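To keep things clear, I will list the structure first and then write my remarks on it.
Numbering (UniProt numbering), first residue to last: 1 to 302.
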């Protein structure tokens with residue numbers, strides 16, 4: 001791993017850290033160390049780095065801004081690639097916007113709504129990156145990324161870059177083909193509509209206020225923990241099961257929204273996993289529903 005780190009540093013491809021605690025890079029503020037942490041300074045640097053990573057034979061995975069992630073206390077083997085400030089470009093061509101995978105989805109919604117472009121209002125308050133939003137087909141308020149994505153530039157596990165059309169992304173509820181292939185969305189082309197700026201900004205504010213008033217963003221959390229088993233809603237099922245406010249260690253099922261688990265200060269991944277297991281068991285017993293996690297659980301197992 002030291003040799004790989006030296007190769008990446010020697011090429012000046014971005015930030016390279018060894019044994020970097022991932023709690024510094026997740027919104028839950030939980031996670032053990034990555035053997036090697038790499039934040040590329042450009043798309044070309046990422047592609048070049050992938051050649052070294054492939055040659056080394058070590059495993060790798062990508063993260064965005066660390067939302068929707070639960071990293072184990074034992075950390076992650078191999079290389080963690082963070083799509084951050086080096087992949088946060090924004091270019092406009094008419095009603096099409098080419099956005100870097102590391103661009104904050106909240107910032108993007110704010111910037112483009114102020115310019116009178118509609119389509120991203122649903123994302124107000126979603127604390128992730130554009131690449132992560134594409135990966136998960138992030139959505140809310142009746143819309144999601146599949147409604148506005150024209151195509152995505154994906155770095156494949158073999159190091160090749162390939163454009164995927166909207167149809168090729170195979171979007172469904174909180175799902176895309178990238179979750180199966182392991183591809184990394186490094187760039188997205190979004191199609192938005194020009195509209196009335198004040199109306200768009202009002203809708204953005206309404207959605208942002210709704211999140212602020214109903215979700216516990218005053219504590220570190222990862223967003224919704226479980227997928228909604230439609231027509232049911234995960235939060236309602238958890239609350240009706242009497243689990244709201246339940247704690248394991250430093251992790252707690254939020255008093256504000258039962259589909260959120262918050263870090264009250266010193267939570268470990270094992271605490272969150274304990275609550276997830278408890279919720280699954282209780283929902284099955286009381287409602288005969290196999291509830292599935294929306295949060296991605298990654299890292300070494302204890």
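Built from N, CA and C at the ideal position, the CB exists for glycine as well. None of the values given here were measured: they were computed from a predicted structure.
Contact check, residue i vs residue j under 8 Å by CB: the rounded distance?
i           : j           : result
residue 294 : residue 68  : 7 Å
residue 73  : residue 268 : 5 Å
residue 99  : residue 151 : Going by Cβ atoms, the distance from residue 99 to residue 151 rounds to 12 Å, so no, they are not a contact pair.
residue 31  : residue 22  : 3 Å
residue 24  : residue 63  : Going by Cβ atoms, the distance from residue 24 to residue 63 rounds to 12 Å, so no, they are not a contact pair.
residue 101 : residue 192 : Residue 101 to residue 192, Cβ: 18 Å. No contact.
residue 156 : residue 147 : Going by Cβ atoms, the distance from residue 156 to residue 147 rounds to 25 Å, so no, they are not a contact pair.
residue 237 : residue 289 : 7 Å
residue 203 : residue 121 : 4 Å
Give me the residue from the options with the minimum Cα distance to residue i.
i           : options            : result
residue 219 : 228, 256, 41       : 256
residue 149 : 139, 110, 26, 300  : 139
residue 116 : 217, 276, 199, 24  : 199
residue 274 : 289, 285, 248, 260 : 248
residue 83  : 187, 12, 289       : 187
residue 300 : 8, 17, 60, 55      : 60
residue 266 : 194, 250, 254      : 250
residue 48  : 12, 65, 17         : 12
residue 223 : 230, 231, 212      : 212
residue 93  : 194, 55, 259       : 194
residue 111 : 171, 258, 205      : 205
residue 254 : 168, 229, 225      : 225
Any heavy atom of the ligand SAM closer than 7 Å to the CB of residue i?
i           : result
residue 131 : This structure lacks the ligand SAM, and indeed carries no ligand of any kind.
Against chain D, with Cβ distances strictly below 8 Å, would residue i count as a contact?
i          : result
residue 26 : Absent from the structure: chain D. Only one protein chain is present.
Residue i bridges to which residues according to DSSP?
i           : result
residue 148 : Answer by DSSP bridge pairing: none, since residue 148 is not bridged.
residue 248 : 251
residue 139 : 144
- Message: So, does the segment 38-58 touch the segment 76-89, judging by three or more C-beta pairs under 8 Å?
- Response: Inter-segment contact for the segment 38-58 and the segment 76-89 is present: three or more beta-carbon pairs are separated by less than 8 Å.
- Query: Would you say the segment 119-136 touches the segment 93-110, given that touching needs at least three Cβ pairs under 8 Å?
  - Reply: Segments in contact, yes.
- Okay, do the segment 229-242 and the segment 280-291 touch, 3+ Cβ pairs below 8 Å being the bar? Contact holds: three or more Cβ-Cβ distances are below 8 Å.
- Task: Any chance you could list the beta strand (DSSP E) runs of at least 3 consecutive residues sitting entirely within the segment 59-136, in chain order?
- Result: Counting whole runs of 3 or more residues, the segment 59-136 contains the beta strand (DSSP E) stretches 60-63, 69-71, 76-82, 90-93, 96-100.
- Message: Extract the residue ranges of the beta strand (DSSP E) inside the segment 162-211, only unbroken runs of 3 or more that lie entirely within it.
- Response: The qualifying runs are 184-191.
- Message: At 3 residues or longer, what runs of the beta strand (DSSP E) sit wholly inside the segment 6-53?
- Response: Correct list: 14-21, 33-40.
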